[in-house]
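S.K.: In the numbering used here, the protein residues as written are -12 to 118.
1) Within 10 angstroms of the Cβ of residue 106, are there 16 or more other Cβ atoms? Answer buried if so, exposed if not.
2) Reducing DSSP to helix, strand and coil, say where residue 88 ends up.
3) Rounded to whole angstroms, what's the CA-CA distance from residue 112 to residue 21? Just pull it up for me.
4) CB-CB under 8 Å to residue -12, same chain, minus the five flanking residues each way: which ones, in chain order?
5) Three-state secondary structure (DSSP) at residue -3?
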């Protein structure tokens, strides 16, 4: 989706989306590592050749699709200025966010604050119970 924002000349939205989704994936991995408490075992080595082969097949398919050229009458990008004036201006996004959508923005920030405080309380409770 971030690529679509770039083609619409909304680079700020593309960068924000990539950063937010990368952070979400990192938090997901962190929760998986923390909650599963997986012990490292060496029994997965027989699966390494199969995984390497499947990875090579997937990379090859992606490269073939990336370098395959198709001819089409439909333009790849919209006319310049048609969408960029509405979506791509960072100042316009900030103005709308802090005027029209101020209340939903504040509600979302309070929900995130309560979630952070709850996570800290739950983590600290486990530390005190162990001691």
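Glycine residues also receive a C-beta, built at the ideal position from the N, C-alpha and C atoms. Remember, predicted model here, so these are calculated numbers, not experimental data.
M.R.: Looking at the atomic coordinates:
1) exposed
2) coil
3) 16 Å
4) 4
5) coil
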